[in-house]
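In what follows, a structure is listed as structure tokens, so that the remarks can point back to it.
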Amino acid sequence: MASINPFPDDSAGPLPGQDSGSLAAKARGAGARDRVVRRRSRANKAQARGLFKNQPGFPGFPDYDGLKPILGFICIPAFLVLAITITGGHWPRAVLYPIAICLGAFVALSTFRTLELVLACLLIYLPFSKVFVVPLAPGINGTNMLILLALFAALLRLGDRQFKLNDWPQGTTLVFLFGILTSLSAVTITLEPGGRNFLLYHEFWSYKAWVDQFIFYFVLLMAIRDTQTAKRCVVYVVIGAVLVVLYAVPEMFEKMGRSSIDKSRIGGPHLQSNNFGGFVAYTALPLIGMFVVYIKDIRTWVLTPYFLLTAKVLITTFSRGAYVAMFVGGLLAGWYKGRGFLMMWLSLLFCTLLIFPSLIPDSMVIRMESVTSEDAGSSPTEERLDKSSSTRLVLWGAAMEMISEDPIWGKGFKGYQLLKADYTETAVSESDPHSMYLYIASQMGIPSLILFVLILAYSFYLGRLHSQCNDDLFIRAIGVGGAAATGCFAVVCIFGSRAVSLNFSVYFFTLLAVMQVIKFERDKQRKVLKHQNGRHHRDNRQALPNIDQQASLIHKPAESPKRLRRQANTQYLSKSSNGSSRRGRRTAQRGAAAYQERQLLAAKAAQAQPVPPDSSDSASSDKTSTQQDPASTLALKRDEKRLRKLPGAYRRHSAKPDS
């Protein structure tokens, strides 16, 4: 008779088409390992919250002693820029040059003591390098002087024991190979007709701006050698991003209410709307990462007006690629904060816009709808797209043809601008393919494109890794902001050739170097902990808990019976074979737990036995032997009762303590 039991007995064997290993998962204790991991994770988070609750200020924030001298000096040029912006600029050179010389001399002298001041000046100045050029001589400006000072200070630091030339964090090889391969494009362009003169007389400074990115990256790695310096660099990045947004506010008010979108677009310090929109999008995300991580602290809500101002500035750029990139970056920041957090805020935003649709700016809606146009051209494709989008498709098609002709080395640096007339169907005025990926592949080859994508992927991996940190909230904020900024940066590069100079890519390389150094330092700390715990021994190879769990493991009570039984069950389940019987598994589990229990009870019994008296003091020893501690007696009886509950084979052995 067929059974109607929906849960058949495991002893009947596997069902047709069912693996025998699937029955092992139904055995007693199945899922114990996952439950242990979940309990440990919840305990670590609860303990971290308890530790952070008692800390003054923001938990994990870099020490103020290291920030005070740098921020004190940075306030001087910041107030100077603010004064120039408020007064409308056009200050006489007789005033500007002495101030610049004094500030530069102070920074130059500081390179003999520290590299951090030069680095902070670079991080804050580079986004403004197109507006405040500071031309000292032909070919010498503020950017070149600061990079040379930073390189000089970094070379001075190489003599220190803490700065080893071959001691690079993981992932540096990718950037090094990418820099070498793309720099060779200067040789490739000379093989084209007229390419040599074109590079030397027209695009030499563009090539130098491209190479400066990699020089700056290696200066960062030589300057950032510990976690505290990495945290301070993130603070400088946030300050620079805030100053860029504030700088664009007067231009936004000046162009507000003009007759067309093109006349209302703001260019900011980048002097180009799309570049400025992409820069604002990905540089706002590190501060957003700090906000979502410290969101339970009421002090972080002071940043709300700044976020609203940033949103207004971003909308006024009218850059559709920046809109999409910012949306993707915001989703990533919410996702790595927590899926419940993301769903709650998305639902709240959706309901708010559904009830109050007028909150969506009309200019943003018009800009997104302008992708399609009826009078854009005569061909079917151009009838569906506006002029900007249709021109971009023409540029992308020309880039694809160049890639198909020379996929390994490309056409050389700025070869697209030199040769585009031979590949475009119609005459276009744009000088690049309006996509960073096609820009690299068409001019520097597909291998360079693969390295660029790998750099983006590794940066995203580092952000995701640090976003799971529980023992340092600031590192977690860096991870959330770094992962979101990398995703936003990757989307921005789809819609334009943005990352061609330091005034745009400076903060991406900074975040990459910061996350690399933090991972490098934490890996070294993990190795030290592993060596101290002795986990490298061959007979005791167990998975070392990550650095987030070290503090919680130290404070746990040692060798509790319940914990020993749970560990024995978990270890057995992880090592059991698929073909073992259910009865055998249960017996082995009881045996492992009973053995651990027997060892523990034998040790307690040995400690509870009275010390034998000495012959020299028999009277006092007799008095001591007749008196017993009531607590010790009760504990011994309780252990004997527990011992009687063990299997018979182990109870017989437990009568005699191990020698």
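Following this note's numbering, the numbering of the sequence shown begins with 44 at its first residue and continues without gaps. All residues carry an ideal CB built from backbone N, CA and C; glycine is no exception. Please read all numbers here as calculations on a predicted model, not as lab measurements.
Problem - Any 3 or more C-beta pairs closer than 8 Å across the stretch 508-524 and the stretch 460-473 - result: no
Practice task
Excluding the 5 residues preceding and the 5 following Ala368 in the sequence, name in chain order all residues of the same chain whose CB lies nearer than 6 Å to its CB.
Solution key: Ala324, Cys531, Val534 and Val535
Handout entry: Burial state of Phe393, where buried means 16 or more other Cβ atoms lie within 10 Å
Key = So Phe393 counts as exposed.
Problem - C-alpha gap between Met295 and Gly311, whole angstroms - result: 9 Å
Practice task
Report the three-state DSSP secondary structure of Ile183 (helix, strand or coil).
Solution key: strand
Handout entry: Counted within 10 angstroms of its Cβ, other Cβ atoms place Trp344 as buried (16 or more) or exposed
Key = exposed
Exercise for the section: Keeping to the same chain, check which residues put their C-beta closer than 6 Å to that of Tyr379; ignore five residues upstream and five downstream. Expected result: Excluding residues within five positions, the ones whose Cβ falls inside 6 Å are Ser510, Val523 and Ala526.
Problem - Collapsed DSSP secondary structure at Lys306 in the structure displayed - result: helix
Practice task
Compare the beta carbon distance of Pro329 and Val280 with 8 Å and say whether it is the shorter of the two.
Solution key: yes
Handout entry: CA nearest to the CA of Ser172, picked from Ser544, Ile358 and Thr395
Key = Ser544
Problem - Nearest candidate by alpha-carbon position, reference Leu166, set Gln256, Lys251, Gly131 and Ala126 - result: Gln256
Problem - Three-state class that DSSP yields for Ala327 in the structure shown - result: coil
Practice task
Report, in whole angstroms, the separation of the C-beta atoms of Ile489 and Ile451, which I expect to be a contact under 8 Å.
Solution key: About 7 Å; that satisfies the 8 Å criterion.
Practice task
Count the other C-beta atoms from every protein chain shown that fall within 10 angstroms of the C-beta of Met479, then say buried if there are 16 or more, exposed otherwise.
Solution key: buried
Handout entry: Length of the line joining the Cα atoms of Leu215 and Ser303
Key = The amino acid at residue 215 is misidentified as Leu; the sequence shows Thr. If you take the alpha carbons of Thr215 and Ser303, they lie about 46 Å apart.
Exercise for the section: Using the Cα positions of Lys111 and Ile183, report the straight-line distance between them to the nearest angstrom. Expected result: 31 Å
Practice task
Can you tell me which of Ala193, Trp248 and Val335 puts its alpha carbon nearest to the alpha carbon of Arg382?
Solution key: Val335
Problem - Residue from Ile127, Glu448, Phe456 and Leu554 with nearest C-alpha to Leu499 - result: Leu554
Handout entry: Sub-8 Å separation of Gly453 and Gln486 beta-carbons
Key = yes
Problem - Local Cβ density within 10 Å of Val739, reported as buried at 16 or more and exposed below that - result: Outside the modelled stretch of the chain, which goes from 44 to 702, sits residue 739, for which no answer is possible.
Exercise for the section: State buried or exposed for Met387, treating a residue as buried only when at least 16 other CB atoms are found within 10 Å of its CB. Expected result: exposed
Practice task
Confirm the yes/no value for this check: CB of Asp340, any heavy atom of the ligand ADP, distance under 7 Å.
Solution key: As presented, the structure is devoid of all ligands, the ligand ADP included, so that no description of it is given.
Problem - Cα-Cα separation, Thr272 to Pro400 - result: 45 Å
Problem - Arg136 - DSSP class collapsed to helix/strand/coil - result: helix
Handout entry: Sub-8 Å separation of Leu497 and Ile483 beta-carbons
Key = no
Exercise for the section: Check whether the stretch 555-562 touches the stretch 249-269, taking contact to mean three or more Cβ pairs, one atom from each stretch, closer than 8 Å. Expected result: yes
Exercise for the section: Would you mind stating whether Ser477 and Gly539 have Cβ atoms separated by less than 8 Å? Expected result: The sequence as given places His at residue 477; Ser does not occur at that position. Yes. Within cutoff.
Practice task
Taking 8 Å as the cut-off, decide whether the C-beta atoms of Phe101 and Asp340 are in contact.
Solution key: Yes.
Practice task
Write down the C-beta distance between Leu505 and Leu217 rounded to the nearest angstrom, noting that I regard them as a contact closer than 8 Å.
Solution key: No, Leu505 and Leu217 are not in contact; Cβ-Cβ is about 12 Å, not under 8 Å.
Practice task
Check whether the Cβ atoms of Arg136 and Asn318 lie closer than 8 Å to each other.
Solution key: no
Problem - Cβ-Cβ distance between Gly455 and Ile232 below 8 Å - result: yes
Exercise for the section: Consult DSSP for Ala419 and reduce its assignment to one of helix, strand or coil. Expected result: Per-residue confidence for Ala419 stands at a pLDDT of 40, beneath the threshold of 50, marking its modelled position as unreliable; the derived number appears in the next sentence. The answer is coil: DSSP assigns Ala419 none of H, G, I, E or B.
Problem - Asp703, buried or exposed, once every other Cβ within 10 Å from all chains shown has been counted against 16 - result: No information on residue 703 is available, as it lies outside the stretch 44 to 702 that the chain covers here.
Practice task
Pick helix, strand or coil for Gly524, following the three-state DSSP scheme.
Solution key: Here Gly524 sits in helix by DSSP.
Exercise for the section: Taking all protein chains shown into account, decide if Ile133 is buried (16 or more other Cβ within 10 angstroms of its Cβ) or exposed. Expected result: Per the sequence presented here, residue 133 reads as His, with Ile not at that position. His133 is exposed by the Cβ-count criterion.
Problem - Close-in-space but distant-in-sequence residues of the same chain around Leu375 (CB under 7 Å, 5 per side omitted) - result: Ala526, Ala527 and Gly530
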